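Asks: Residue numbers (this note's numbering): 4 to 362.
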Ligand SMILES: *Cc1c(COP(=O)(O)O)cnc(C)c1O
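#1: From the DSSP output, in three-state form, read off residue 29 for me.
#2: One question on the structure: do residue 1 and residue 173 come within less than 8 Å of each other, judged by their Cβ atoms?
#3: Per DSSP, what kind of secondary structure is residue 130 in: helix, strand or coil?
#4: Which residues mark the beginning and the end of the beta strand (DSSP E) in which residue 334 is found?
#5: Which residue or residues does DSSP assign as beta-bridge partners of residue 105?
#6: Under 8 Å: do the stretch 303 to 316 and the stretch 220 to 232 share three or more Cβ pairs, one atom per stretch?
#7: Taking DSSP as the reference, what is the three-state secondary structure of residue 176?
#8: Starting from residue 247, trace the alpha helix (DSSP H) in both directions and tell me its first and last residue.
#9: Return the chain-ordered list of same chain residues with a C-beta closer than 7 Å to the C-beta of residue 52, the five sequence neighbours on each side being excluded.
#10: Is the closest heavy atom of ligand 1 to the C-beta of residue 93 under 7 Å?
#11: Would residue 222 be called buried (16 or more neighbouring beta carbons within 10 Å of its own) or exposed?
#12: Thinking just about the alpha-carbon of each residue, which of 36, 75, 326, 203 is nearest to the one in residue 219?
#13: The beta strand (DSSP E) spanning residue 190 covers which residue range?
#14: With residue 14 and residue 192 assumed to form a contact (beta carbons below 8 Å), what rounded beta-carbon distance in angstroms separates them?
#15: Would you tell me roughly how many angstroms separate the C-alpha atoms of residue 209 and residue 82, rounded to the nearest one?
#16: Looking only at DSSP bridge pairs, what is residue 301 linked to?
#17: With H, G and I counted as helix, E and B as strand and the rest as coil, what does DSSP make of residue 35?
#18: When you measure from the CB of residue 334 to every non-hydrogen atom of ligand 1, does any distance come out below 7 Å?
#19: Taking the continuous beta strand (DSSP E) assigned at residue 167, which residues delimit it?
#20: Within the same chain, show all residues whose beta-carbon is closer than 8 Å to that of residue 260, passing over the 5 residues directly before and after it, in chain order.
#21: Please report how far the alpha carbon of residue 341 lies from the alpha carbon of residue 10, in whole angstroms.
#22: By the three-class DSSP mapping on this structure, what secondary structure does residue 376 have?
#23: Which of the three DSSP states, helix, strand or coil, is assigned to residue 137?
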């Protein structure tokens, strides 16, 4: 049976978007392709409130995380990774796996990374790069990215700010230029509500200048090479043309909805889930850092989340268990991102009420 996905990726994909992938194939060096990428270019920039380039990769988001961190740190310098859950921890693992000298600063799971924590940690070293996970999908925390960015731009002008916005971009406002961010990356199977397989990354001039000073930038994600092709509305390697068609369609639909309306819809879905969760369970994260795109609910009733999800599956819906050993069964997650509506959320919560006998 088809299940509507209330999981934090892949998310529910509308039929029109699935259909957009079926157009006949074109050559990626043919003018038709450049035309397609040229249509997408200003729309992605609008989505991120930026005049900087927004690159498109055939990759999941993790690939661009790897590409970013290795291009951000000059020989002899270090990266600082902020960790508040499983996905922010991935930045650390990636940095170490690439031989990038890296320190980490951890906050308790469920807490947000504050500017104070960042300031204290950055003041202790000579850091070329700082990583922040905008929306920590394991704990349901949305970090105060604007405040962190303001601090970094004011006190640490040499430090490039790399942002994993995989589960936030296209679901919450990220004014790339106004905040002075350097890389903001996402994959498209979350708030973009596209099938998996594409990643996008906005890249600042400061980051491009930094990359030019890094000798072993890697090949596939090399921002300078990407820029060269971007100027021709192409990519160095073969792009995922069918997915890019779906992206073009989806960006049209996003613009038709209106960006402010899109952010407001995500917040309204989040508020609906939060109100329900406070009534029947409890929220896992600190109230100051609640995510607008995914809610992590503390399993205060000791229900079997696996059984709940099975029963939901029989009714055509799916949520997520808690992430990893630490949070499985102790929490569960309801994603409210992409093209889901408040009515979808109400339908889901009604099903859960019914299954658990909550009135
Ligand atoms: C899903 C997710 C990732 C991983 O993205 P992939 O596209 O699977 O590589 C990274 N970070 C966050 C915050 C995520 O939610």
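Every residue, glycine too, gets a C-beta built ideally from N, C-alpha and C. Being a predicted model, the structure only gives us computed values, none of them experimental.
Replies: So, from the data block:
#1: Along the chain shown, read from residue 1 onward, the residue named residue 29 stands at position 26. Looking at residue 29 - three-state DSSP - the assignment turns out to be coil, as it is neither helix nor strand.
#2: The structure shown has nothing for residue 1, since the chain only spans 4 to 362.
#3: Locating residue 130 in the chain shown gives position 127, where the first residue counts as 1. Strand at residue 130.
#4: Within the chain shown, numbered from 1, the residue matching residue 334 stands at position 331. It spans 334 to 338 - the beta strand (DSSP E) in which residue 334 sits, taken as one unbroken run.
#5: Position 102 of the chain shown, counted from the first residue, corresponds to residue 105. Note: residue 105 sits in a beta bridge opposite 82.
#6: no
#7: By one-based count along the chain shown, residue 176 stands at place 173. Here residue 176 sits in coil by DSSP.
#8: Numbered from its first residue, the chain shown carries residue 247 at position 244. Run containing residue 247: 244 to 260, per the alpha helix (DSSP H) assignment.
#9: Sequence index remark: in the chain shown, residue 52 carries index 49 (1-based). If we look at residue 52 and ignore the five residues flanking it on each side, its Cβ neighbours are 178, 179, 180, 181.
#10: Against the chain shown, residue 93 aligns to sequence position 90. It does: the Cβ of residue 93 is within 7 Å (strictly closer) of some heavy atom of ligand 1.
#11: Mapped onto the chain shown, residue 222 falls at position 219. Label assigned to residue 222: exposed.
#12: Here residue 219 is taken as the residue at index 216 of the chain shown, counted from 1. Closest option to residue 219, Cα to Cα, is 75.
#13: The residue given as residue 190 occupies position 187 in the chain shown. Note, residue 190: beta strand (DSSP E), 186 to 190.
#14: Position 11 of the chain shown, counted from the start, is the residue given in the question as residue 14. Position 189 of the chain shown, counted from the start, is the residue given in the question as residue 192. Residue 14 to residue 192, Cβ: 7 Å. Contact.
#15: Taking the chain shown and counting its residues from 1, the one referred to as residue 209 is at position 206. Taking the chain shown and counting its residues from 1, the one referred to as residue 82 is at position 79. Cα to Cα, the separation comes out at about 16 Å.
#16: Taking the chain shown and counting its residues from 1, the one referred to as residue 301 is at position 298. Answer is 285, 334.
#17: As a working note, residue 35 is residue 32 in the chain shown. In the structure shown, residue 35 sits in a helix (DSSP, three-state: H, G or I).
#18: The residue given as residue 334 occupies position 331 in the chain shown. Not under cutoff, so the answer is no.
#19: Residue 167 sits at position 164 when you count from the first residue of the chain shown. Element bounds for residue 167: 163 to 167.
#20: Translated into the one-based positions of the chain shown, residue 260 becomes position 257. Same-chain partners within the cutoff: 268.
#21: In the chain shown, residue 341 corresponds to position 338, counting from 1. In the chain shown, residue 10 corresponds to position 7, counting from 1. One C-alpha to the other measures close to 11 Å.
#22: An answer regarding residue 376 cannot be provided, because it is not within the stretch 4 to 362 covered by the chain.
#23: Walking along the chain shown from the start, residue 137 turns up at place 134. Note: residue 137 maps to coil in three-state DSSP.
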